[in-house]
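Here's the structure, in structure tokens; my notes come after.
Residue numbers (the working numbering): 34 to 96.
This is the structure we're talking about:
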């Protein structure tokens with residue numbers, strides 16, 4: 034999902050690899066901690082659609 038999101042994003046082609054690695058680093062770090070449920074006081078709202086790619090939704094409606 035991350036590869037598709039970065040590939041379809043407006044990030045310039047020369048930086049897509051860097052953007053992917055940067056985001057993947059955060060995901061890998063969360064995984065090494067045992068998942069997001071192990072991080073206290075963290076609320077994450079991330080949505081994705083074909084037009085916008087990944088974005089922070091303005092309401093808690095999105096999962």
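Backbone N, C-alpha and C fix where the C-beta goes; we use that ideal spot for every residue, glycine too. Keep in mind the model is a prediction, meaning the values are calculated, not measured.
Note on residue 68: under 16 other CB atoms within 10 angstroms of its CB, so exposed under the neighbour-count rule. According to the DSSP assignment, residue 87 belongs to the beta strand (DSSP E) that extends over 86 to 88.
The residues 83, 86, in chain order, have a CB closer than 8 Å to that of residue 41 in the same chain once the five nearest residues on each side in sequence are set aside. In the DSSP assignment, residue 64 forms no beta bridge with any residue. Proximity to residue 51 across 39, 89, 61, 62 peaks at 39, based on C-alpha coordinates. Bounds of the beta strand (DSSP E) holding residue 80 are 80 to 82.
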